[in-house]
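Read through the structure below, which is laid out as structure tokens, and then see the notes.
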Amino acid sequence: MGATPIPGARVRPGLLAALLCLPLTTAAAQTHLVVISGLGGETRYRERFHEWAVTLLDAATKTHGIPEGNTIYLAERPALAPQRIHDRSTKANVERVLREVGEQAGTASQVFIVLIGHGSARDGVPKLNLPGPDLTAHDLAAALSGYRTSTLVVVNLASASGDFIPILSGPNRTVITATKSGRERNETRFGTYFVQSIATDAGDVDHDGHVSLLEAFTYARTEVARSYEQEGTLLTEHALLDDNGDKVGSHEPDPSGADGAIARTLVFGGPSAARRGDPSGAQDPVLATLSRTKQSLERAIAALQQEKQRMAPDEYEQRLEDLLLQLASTNRKIREREEQIP
Amino acid sequence: MRTSITPPLRFVGLVFVCLVSACTSRGHAQATLDEAHTMVQGGDYAAGIAAYRSLLARDASWQAAHGLAQALQATGQYQEAASMLRAHIADSITNARQLFTTLGETLRALGEHTQAEDAFQRAVTSGARDRLTARVSLAELRFERGGDERDVAMATFDEFIDIYNRGEARSSADLAAVARAVQYLGRRNPQLFRDALRAYDEAIAADSGNLDARVALGTLFLQKYNGADATHMFQSVLADNPNHPGARLGMALAKHFDGSSEAFGLTERSIEINPNFVAARAFLARLYIDLEDYPRAVAQAERALAVNPQAVDALAMLAAASLLVDDRAGFTRARDRALTTDPEGATFFIALAEVCARNRLYRRAVDFANHAVERDSLAWRGLAVRGLNRLRVAEMAEGRRDLERAFAGDPYDVWTKNTLDLLDVVDGYRTTRSDRFEFVLDPKEADLIALYLEPLAEAAYDSLSAHYGFRPPTPIRVEVYPRHADFSVRTMGLVGLGALGVSFGQVVAMDAPSARPPGQFHWGSTLWHELAHTFHMERSRYRVPRWFTEGLAVFEERRARPGWGDEVTPSFLVAFRQGRLAPVSDLNQGFMRPAYPEQVIFSYYQASLVFEMIEAEQGWDAILRMLDAYRDGASTPQVFRTILDIEPTDLDRRFNRYLERRFAAGLAALRHGNGAADGGGGGGAAPPSPEALARRARADTTDFLVQLGYGRWLFGQGQYQEALPPLERARELFPEYVGPDSPSWYLGRIYQAEGRLDLAARELAGLTARNAKHLPALRSLVEVEEARGPGQDPSVARALEALMHVYPYDIGLHEKLAGVYRTLGEGERAIRERRAVLALEPVDRAGALYQLARELQLGGRPAAARRAVLEALETAPNYQDALDLLVELQAGRGPGES
């Protein structure tokens, strides 16, 4: 089975050929990435948006294992990078591409949609500025209404994007916006740091080898705040994350609170990326046993942390150290075993 | 219990109607009276006085006599006013009873209290129209006598509430009398201050021409430290009468309250109108004390006392000036006189305490405020002054207790309220200690700031102890405020202070580096500067003059580290050349009464150069002996004569010659300029066109500003090669100039952009070695040295280390410095930098902890390394590098060790 071009998508001939040559991918458990870059307005914005998009796409395919055939990039001026940009980011193209991806993606798939550009919320209608008619949050919601995927992630890096959350929020959906409302209309910095966290390991704060959506969000939010603080200026953007479908985003999501529990489990590259370095599903029985031991130790560490306040510091440290040393030993055995398996 | 005033007034309309009918019945004479009144109301006192006199000559009416008396009072002709009033009363002028109150006020201004009381009493018993004013004045005189009389006075004041509530206070003057009475009642029930305010408002609403009521309301605002409303009120009076002496003095007080040197001029203008204005003379004496010009202060106080020998405010200034020159007999005489007039003496002692605090004698301020509080348990201001000064001598708990009591007694004192609010903030601060210091830091940045603050403070203590040959008592408390407004409140009770730091001796308060935009101040040299003040104050027993300690502190900054302290600017040299620097013999003027805005900044640098010269010519020991001479009570001229063996004016000349030699090149290169290159003294002239600039630069290669201006313009155009010659020439012409737009900065950037890294490094290193607060240059130097390769690590470390004293909040730079120190084998400093990274709360906290643990391990501190790596793994249990380190650390421990 070859890579399936998106039915009806206006893909340039050269690119179509490239897509046809991509490795086999199955509809099940796939990750799809759609990057939509709107109107730049000025050269500097156009270039910045393109840089964000390309960095994200490169990280997706080269670092996070998303097949190139599962990525789509629509932008204001395809001529800027004909090899990278699939088509112009008109409202019609966006809606068509989103419908096609939704049809192609299986229920077990993850779909990441990243919106880049300038947003607005005139007359209370949140929208992303595109060449031609703008894309409203309601247009986007309509285009995504048929999605059956288990995971749909919409990241809106545009200014004035906050009001997308109440419209897009729902079950199995994680929505991230660069601002908390349509009133935060200034140019945003959130995108710079969000893309950076995905493209590098800067966002991998638990050092488990991959960047969860929650980590990426937290990294970007923190660095945005720091950059404003260092300039001595007031913070004019407050990013939000909603993953519990309650239509209300959190600026500081916490897995033990309203939002964050699902975003913590979502990895940009999707389930396959998350499994790298995690042999729990391995066929090898030794690896499977080691994996269970590792998981058991991780649970024990988490349980010990819950007890921390009730324990003497020395005792806590000693028990934590014991568990961590066991975990270190188990991880080493896993690595050794993986090296033995051809 | 008596309730407060109930609203509203019912008789205002009726009173107005009565006045109108009275006026219209007088015919021609009344019209002239109106004209005379208008003249006086508008501030044309001479014309008003002439008009009134003419009126009196034609037809002696009590209105003309009253108007004339008020005009004479406004211009300080109290004796003449009293004689005139007495004469008309003696002549049984019609309705002479209407003159008693004015006579009483005139006599009171002359300190003739017994006769004044008699006049007031006659006004009351005769049923004069202004009998309420007379009654409140009588009560005020009784109040001032203290003892049992004070209770009688308070009972009288209390009656004014009933008077008001019964609607008997009808005219604007009556309502102002109510306001005065209620203001006294505010001592016992602070809510009544609001009623006083309302009564003044009503008095002004009843007659907006009652300028004295408006001035009194402004003064009430000022007493509660509400400078903005006070200023507004005084300004409104001056708009109607630009010569109102009370409003001019009020403005002066408001300006003084705001820390503006305009207070001087305004007070002097008030005295121009009324040369016998006792309150203005007393305030001028206070301003001269601020200038440490005690002879002039005494002269002003004595002129006030010549008018009114019982003026307590003037006696307080006389006592203060005597105290500050160690004239104990003079102090005792003034004190005894004040206590004869006002036996309670709270006002006198509060004024003394305030003067002492402004002259850095904080302990004495506490003692005097204590006298005030002991003599008058309702002296809330005294309690507040004691509390504020206790906070300055590090008696934090006692100070807070005083302020809380003062606030309970008078919740409208803004200074007290602000300070209590600040103490609530400081309650949340973290206190850490080092050998000689106690640091009070905002917990949000305590971990970061303490890393640099503690060693620097300790180093400063050691260095300054060695230099001054003694060790001040410890611990010294250092408070660091991330909000400049909090620092400002700590210093002067209000927001708006422009300073960066302050030393009270045992307590130092300063802005945190985060309180200002990056690069705007060098917190390291600020700390050193403030600690230098502590040494100067302690060694001189708090007698060192302002100019001396400021200049010597800047001098100490320059001694501390290369590039610290102020640097010479073109505008400073131009000011010197134009004779606009204050003479050394009168340098306090430059700080306390600057002739132009930049003079304060110039005076800091100028004063530091005075010490540079003295050290060079007479040795450091001379400076120490000067401090000791101040300690022993010598004045600045005496110190110059006895220690430096020079007359003050000769010192002025010698200093000028020193500057001419020291900055010969710069002065020559600035002979045409106005100093605009550094933004000072530019005069607002339009900049020349590029073509004109180019022509001038080619025509005259000896003008620094032209060469620099042309070079900068070319740089801005990206014409780097063309910019090099004028910039290099500018640097050659005025090599000492290392300000933000110095030739070296542009040259460094050009060399960097062109990849001529050795030249760039030399230029930027030279610049930052003489100006360590040039943040962009420090950053560029780091980039350049890194680009030059690993062999430049020591230079990178130096630049980054310097940078941390300007702006320590960049995580990336701390990581870089940690790496450089690791390479250089400076483990402890690498650990410090890793701690700094952690203190800045990086997103990757586990990574930062791991790096710290690794550094601690390398530094031979395995136990600390274990704790750090465990903390990292708490967040990230599968962090492989950290797990490996834990295993390594465990392997390095013996069995059973933890």
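Residue numbers (my numbering), protein chains in the order written: chain Z, 1 to 342; chain V, 1001 to 1898.
Beta carbons: idealized from backbone N, C-alpha and C, even for Gly.
As the structure is a prediction and not an experimental result, all values here were calculated from the model.
- Query: Okay, do the segment 1423-1431 of chain V and the segment 1460-1470 of chain V touch, 3+ Cβ pairs below 8 Å being the bar?
  - Reply: The segment 1423-1431 of chain V vs the segment 1460-1470 of chain V: no contact.
- Give the residues of chain Z in contact with W1845 of chain V, contact being defined as C-beta atoms less than 9 Å apart. Looking at the sequence provided, one finds Arg at residue 1845 of chain V rather than Trp. The contacting residues are V205.
- Message: What are the residues in the segment 1863-1892 of chain V lying within 8 Å of chain Z by C-beta distance?
- Response: Per Cβ criterion, the list reads R1866, R1867, L1870, L1873, E1874, T1875, A1876, P1877, N1878, Y1879, Q1880, D1881, A1882, L1883, D1884, L1886, V1887 and Q1890.
- Item | Residues near G1892 of chain V in its chain [Cβ-Cβ closer than 7 Å; skip 5 each side] | Beyond the five residues adjoining it in sequence on each side, G1892 of chain V comes within less than 7 Å, by CB distance, of P1862 in the same chain, given in chain order.
- Task: Give me the Cα-Cα distance between V1933 of chain V and T1231 of chain V, rounded to the nearest whole angstrom.
- Result: Shown here, chain V extends from 1001 to 1898; a query on residue 1933 of chain V therefore has no answer.
- Report yes if the C-beta distance between G119 of chain Z and R183 of chain Z is below 9 Å; otherwise report no. Not closer than 9 Å, so no.
- Given a threshold of 16 other Cβ atoms within 10 Å of its Cβ, counted over all protein chains shown, does V248 of chain Z qualify as buried or as exposed? So V248 of chain Z counts as exposed.
- Query: Got a sec: which bits of the segment 1436-1463 of chain V sit with their beta carbon under 9 Å from any beta carbon on chain Z, in order along the chain?
  - Reply: Listed by position along the chain: nothing, the set is empty.
- Answer with yes or no whether the minimum CB distance from P1776 of chain V to chain Z is below 9 Å. P1776 of chain V does not count as touching chain Z.
- Task: Can you give me the Cβ contacts of F1572 of chain V inside the same chain, cut-off strictly under 7 Å, excluding the 5 residues immediately before and after it?
- Result: Excluding positions up to five away in sequence, the list reads F1602 and Y1605.
- Message: If you measure between the beta carbons of G1104 of chain V and N1308 of chain V, is that distance less than 9 Å?
- Response: No, they are not a contact pair.
- Message: Below 7 Å on C-beta distance, what does G218 of chain Z contact in chain V?
- Response: According to the sequence displayed, residue 218 of chain Z carries Thr and not Gly. Near T218 of chain Z (Cβ distances below 7 Å), the residues of chain V are V1843.
- Does DSSP put Q1506 of chain V in a helix, a strand or coil? Reduced to three states, the DSSP call for Q1506 of chain V is coil.
- Query: Closer than 7 Å, Cβ to any Cβ of chain Z: which residues of the segment 1496-1526 of chain V, in chain order?
  - Reply: For the segment 1496-1526 of chain V, which is checked against every Cβ of chain Z, the residues closer than 7 Å are P1517 and P1518.
- Pick out whichever of V:A1765, V:Q1079, V:I1811 and V:D1810 has its Cα sitting closest to the Cα of P1794 of chain V. For P1794 of chain V, the nearest C-alpha among the options comes from V:A1765.
- For the candidate residues V:R1543, V:R1381 and V:W1745, whose alpha-carbon lies nearest to that of Y1225 of chain V? Y1225 of chain V has its Cα closest to that of V:R1381, out of V:R1543, V:R1381 and V:W1745.
- Query: Do you know offhand how far N1878 of chain V's Cα is from Q326 of chain Z's?
  - Reply: Just so you know, the alpha carbons of N1878 of chain V and Q326 of chain Z end up roughly 11 Å apart.
- Task: In the DSSP assignment, find the unbroken beta strand (DSSP E) run with E68 of chain Z in it and report its ends.
- Result: Unbroken run through E68 of chain Z: none, as it is neither H nor E.
- Message: Just checking: is the beta-carbon of C21 of chain Z within a distance shorter than 9 Å of some beta-carbon in chain V?
- Response: Summary for C21 of chain Z: the model assigns pLDDT 31, below 50, so the residue's position carries little reliability; its value from the coordinates is reported in the next sentence. Taking Cβ atoms only, chain V never reaches closer than 9 Å to C21 of chain Z, which makes this a no.
- Three-way DSSP call (helix, strand, coil) for K1773 of chain V in this model: Here K1773 of chain V sits in coil by DSSP.
- Query: How is E1763 of chain V classed by DSSP in three states: helix, strand or coil?
  - Reply: The DSSP-derived three-state label of E1763 of chain V is helix.
- Query: Is K247 of chain Z helix, strand or coil when you go by DSSP?
  - Reply: Note: K247 of chain Z maps to coil in three-state DSSP.
- Message: Looking at the strands, I want to know which residues DSSP matches up with D1511 of chain V.
- Response: Paired residue(s): V:Y1481.
- Query: By Cβ distance below 7 Å, which residues in the same chain neighbour M1233 of chain V in space, the five residues on each side in sequence not counted?
  - Reply: Excluding sequence neighbours, M1233 of chain V sits near R1214, L1217, G1218 and F1221.
- Query: Comparing the C-beta of S272 of chain Z with each C-beta of chain V, is any distance below 9 Å?
  - Reply: For S272 of chain Z, the predicted structure reports a pLDDT of 49, less than 50, and the residue's modelled location is therefore unreliable. A value from the coordinates is still provided. S272 of chain Z does not count as touching chain V.
- Please decide whether S250 of chain Z counts as near chain V, where near means a Cβ-Cβ distance under 9 Å. Not one chain V Cβ lies under 9 Å of S250 of chain Z.
- Please list the residues of the segment 1806-1824 of chain V that have a C-beta atom closer than 9 Å to any C-beta atom in chain Z, keeping them in chain order. Here the close residues are Y1807, Y1809, D1810 and I1811.
- Closest Cβ-Cβ distance between Q309 of chain Z and chain V: below 9 Å? So no, Q309 of chain Z is outside the interface.
- Message: Rounded to whole angstroms, what is the Cα-Cα separation between L1420 of chain V and N1389 of chain V?
- Response: Straight through space, the alpha carbons of N1389 of chain V and L1420 of chain V are spaced by roughly 13 Å.
- Tell me, which residues are paired with K127 of chain Z by DSSP? BP columns for K127 of chain Z point to Z:S120 and Z:T136.
- Query: Taking just the CA atoms, how far does T293 of chain Z sit from A175 of chain Z?
  - Reply: It should be noted that the sequence gives Val, not Ala, for residue 175 of chain Z. Rounded to the nearest angstrom, the gap between the Cα atoms of V175 of chain Z and T293 of chain Z is 35 Å.
- Message: By the DSSP assignment, the alpha helix (DSSP H) with F1348 of chain V in it spans what residues?
- Response: A1346 to R1358 is the extent of the alpha helix (DSSP H) around F1348 of chain V.
- Which listed residue (V:S1585, V:A1607, V:S1608 and V:L1581) has its alpha carbon closest to that of A1595 of chain V: The shortest C-alpha separation from A1595 of chain V is found at V:L1581.
- With C-beta atoms as the reference, is S150 of chain Z less than 9 Å away from Q104 of chain Z? The beta carbons of S150 of chain Z and Q104 of chain Z sit no closer together than 9 Å.
- Rounded separation between I1643 of chain V and A1616 of chain V - CA only: Counting only the Cα atoms, A1616 of chain V lies some 15 Å from I1643 of chain V.
- Message: Just to check my reading of the structure: G117 of chain Z and L39 of chain Z have Cβ atoms closer than 8 Å, yes? What is that Cβ distance to the nearest angstrom?
- Response: In this structure G117 of chain Z touches L39 of chain Z by the C-beta definition: roughly 6 Å separates them, less than 8 Å.
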